[in-house]
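Enquirer:
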Amino acid sequence: MKKFVLIMVCLFLVCNTSIAQDKEALKAEKAARKEAASTLKKARNTYEMSIPNEQYGRKETDFEKLASARELIESAMQNQYTKDDADTWEIATNILYEYYKKQENEVKADPDNEKIKTDFLALSIKLLDSTCKYDSLIQLDPKAKPEVVKANHTKFQIMGVNAATQLLQAAQNLSNSDKPEELKEGVKYAELFLNTMEKSHLMSDFKHENLKDWITYAKAFRAQSYFNIPGTPEATIVEVYQALMDTQFKATAYQALSNYYRESNKAKQNQYLQEGLEALKDNADMHDIRANFALILMQNLFQSGDIEGFKKIAQVVKNEFKTTDGAVNAYLMEGQLAFENKKFDEAKTIFLEAKEAFPDDDKCLLMAARSAWMKAQNNGSKKEDMNEAINLFLQLEKENPEDPELWGESLYILYNNTQQTAQAAKYKKYYKAK
3 MKKFVLIMVC LFLVCNTSIA QDKEALKAEK AARKEAASTL KKARNTYEMS
53 IPNEQYGRKE TDFEKLASAR ELIESAMQNQ YTKDDADTWE IATNILYEYY
103 KKQENEVKAD PDNEKIKTDF LALSIKLLDS TCKYDSLIQL DPKAKPEVVK
153 ANHTKFQIMG VNAATQLLQA AQNLSNSDKP EELKEGVKYA ELFLNTMEKS
203 HLMSDFKHEN LKDWITYAKA FRAQSYFNIP GTPEATIVEV YQALMDTQFK
253 ATAYQALSNY YRESNKAKQN QYLQEGLEAL KDNADMHDIR ANFALILMQN
303 LFQSGDIEGF KKIAQVVKNE FKTTDGAVNA YLMEGQLAFE NKKFDEAKTI
353 FLEAKEAFPD DDKCLLMAAR SAWMKAQNNG SKKEDMNEAI NLFLQLEKEN
403 PEDPELWGES LYILYNNTQQ TAQAAKYKKY YKAK
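Quick note: to get this note's numbering, add 2 to the position in the sequence shown (first position is 1).
Shown next as structure tokens:
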């Protein structure tokens, strides 16, 4: 019985001690909350006494006082009782915006000062983060007045856009760097801009005539930076350029991806060349880029032995890009295929068609003459076939009298083989004895 009583007494003492400790903890917490609220109130009052106010005769921001407000609000931003309070972030944003305007003017006054620009960019990021933080918290505050929420949403949205455009400018500048670390910074700024403009509640209802272009530019700067960062994963390269395929930079996207696979994967290179050729077909301004896509694709297919694929693209080149260098190459490669397959008559016809389309390209007539000669050799050197070859080489001589490399030796051999000794003698000097 005594033992039981002793246990009860111990339990009573323990309970009383625990209750006392709980009271002390609650008292300490109440004091901490009160102090946190006081700090927040003091930060607001100091801020309001720092900014211009005609009623009190303040025409300019008092940055000495504002520095005190900033120190107080940064404390509130770390305090467990105020760090998730919308009021904290409202004050913080307003304070940061005063510094933002000040540093913006400093950049304008000294645009070549890299330190000032770096500090301004860092401040822009803080301001952007602060505007978004406030906007997300105020949405969760049941006591917030709708008219205040709406007014601050618009006000902070403007601040956030101003800050975000600094990130866009930095992303553009860094995307042209040849230093991997700077390129990575460019990616970071571009993605922060995109996440803010496309995913944050603050910008969900933002309207601006240039918004679509801004987002597109950010995607383009991001892609360019990633492309030039060594070791960027293939999947990332494909993803960032595919994000441009429905924009005004789609030509750049197809060109970049085809270049990316140029050395490593011809099949994928051909895929993007083919897709780009199709995607850009209704844009007259893209004619030269499409012509280049078609020429590279045609050459790849020819070199890989995909004859049917080559012929299909060669026809496109001849039809759509008939005034480009690619078109003459289409004829010459088609003729070469026939020539290599000993279809010399077909080859000659193709080369003569090329000659008609491109009268100034000597290769067309030269290959037509050689095709006629090979046809003659494979036909038992029939006189009419030999004479056709001679006539084509004579035409080549007439058009290129100062370039006997094209016709001199060939005419000597042809005349000699047809027992036209007198004619052969005229060209003997061009014969290179083997």
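Backbone N, C-alpha and C fix where the C-beta goes; we use that ideal spot for every residue, glycine too. Quantities reported herein were computed from a predicted structural model and do not represent experimental measurements.
According to DSSP, simplified to helix, strand and coil, what is R60?
Expert: Strand at R60.
Enquirer: Between which two residues does the alpha helix (DSSP H) containing G337 stretch?
Expert: Where G337 is concerned, the enclosing alpha helix (DSSP H) stretches over D327 to E342.
Enquirer: Taking the straight line between their C-alpha atoms, what separation do you get for A292 and N285?
Expert: Here the sequence assigns Arg to residue 292, which means Ala is not the residue at that position. Roughly 10 Å separates the two Cα atoms.
Enquirer: Does the Cβ-Cβ distance between A323 and A316 come in under 8 Å?
Expert: Rather than Ala, the amino acid found at residue 323 in this sequence is Phe. No, the pair does not count as a contact, with Cβ atoms beyond the cut-off.
Enquirer: Rounded to whole angstroms, what is the Cα-Cα separation between T198 and L204?
Expert: Each residue's Cα considered, the two are about 8 Å apart.
Enquirer: Exposed or buried, what is N321 when buried is set at 16 or more other beta-carbons lying within 10 Å of its beta-carbon?
Expert: Answer is exposed; the Cβ neighbour count stays below 16.
Enquirer: To test your reading of the DSSP string, which unbroken alpha helix (DSSP H) runs of 4 or more residues are found completely within the region 198 to 282?
Expert: List check, alpha helix (DSSP H) in window: 213 to 230, 236 to 244, 252 to 262 and 268 to 281.
Enquirer: Can you check whether the CB of I127 is closer than 8 Å to the CB of L169?
Expert: Result yes, Cβ atoms of L169 and I127 sit closer than 8 Å.
Enquirer: Tell me, to the nearest whole angstrom, how far the beta carbon of L129 is from that of L98; I am working on the premise that it is less than 8 Å.
Expert: Going by Cβ atoms, the distance from L129 to L98 rounds to 5 Å, so yes, they are a contact pair.
Enquirer: Could you spell out the range, first to last residue, of the alpha helix (DSSP H) harbouring C158?
Expert: Correcting the residue type first, residue 158 is Phe in the shown sequence and not Cys. Residues P148 to S177.
Enquirer: Rounded to the nearest angstrom, how far is the Cβ of S260 from that of Q271, given a contact under 8 Å?
Expert: The Cβ separation is near 5 Å, so the contact holds.
Enquirer: Using DSSP with H/G/I as helix, E/B as strand and the rest coil, what is N55?
Expert: Reduced to three states, the DSSP call for N55 is strand.
Enquirer: Sorry if obvious, but does the Cβ on M79 come closer than 7 Å to a heavy atom of the ligand SAH?
Expert: Ligands in the displayed structure: none, and consequently the ligand SAH is not present.
Enquirer: Considering only their Cβ atoms, is the gap separating T234 from Y228 smaller than 8 Å?
Expert: Contact: yes.
Enquirer: Evaluate N331 with the Cβ neighbour count: other Cβ atoms within 10 Å of its Cβ, from every protein chain shown; 16 or more gives buried, anything less gives exposed.
Expert: Per the 10 Å Cβ criterion, buried.
Enquirer: From A166, D180 and K181, pick the residue whose C-alpha is nearest to that of E193; which is it?
Expert: Residue A166 is the option with its Cα nearest to E193.
Enquirer: State the DSSP-derived secondary structure class of Q422, mapped to helix, strand or coil.
Expert: The answer is coil: DSSP assigns Q422 none of H, G, I, E or B.
Enquirer: For T95, report the span of its alpha helix (DSSP H) as first-last.
Expert: From DSSP, the alpha helix (DSSP H) with T95 extends over A88 to A111.
Enquirer: Just reading off the alpha helix (DSSP H) that E407 is part of, what are its end residues?
Expert: Premise fails: E407 is in no alpha helix (DSSP H) and is neither H nor E.
Enquirer: T120 by DSSP, collapsed to three states: which one?
Expert: Looking at T120 - three-state DSSP - the assignment turns out to be helix.
Enquirer: Which two residues bound the contiguous alpha helix (DSSP H) that contains M369?
Expert: Note, M369: alpha helix (DSSP H), D364 to N380.
Enquirer: What residue range is occupied by the uninterrupted alpha helix (DSSP H) comprising K311?
Expert: Reading the sequence as shown, one finds Gly at residue 311 and not Lys. Residues I309 to E322.
Enquirer: Taking K104 as the reference, which of S70, D387, F65 and K85 has the closest Cα?
Expert: When each option's Cα is compared against that of K104, the closest is F65.
Enquirer: What does a CB cutoff of less than 7 Å around T218 pick up in its chain, not counting 5 residues either side in sequence?
Expert: Once the five neighbours on either side are set aside, the close Cβ partners of T218 are T249, Q250 and F251.
Enquirer: Taking the C-alpha atoms as reference points, what is the distance between P361 and L398?
Expert: About 11 Å.
Enquirer: Ignore the nearest five residues each way along the sequence and tell me which others in L416's own chain have a CB closer than 8 Å to its CB.
Expert: The answer, listed in chain order, is W375, M388, A391, I392 and F395.
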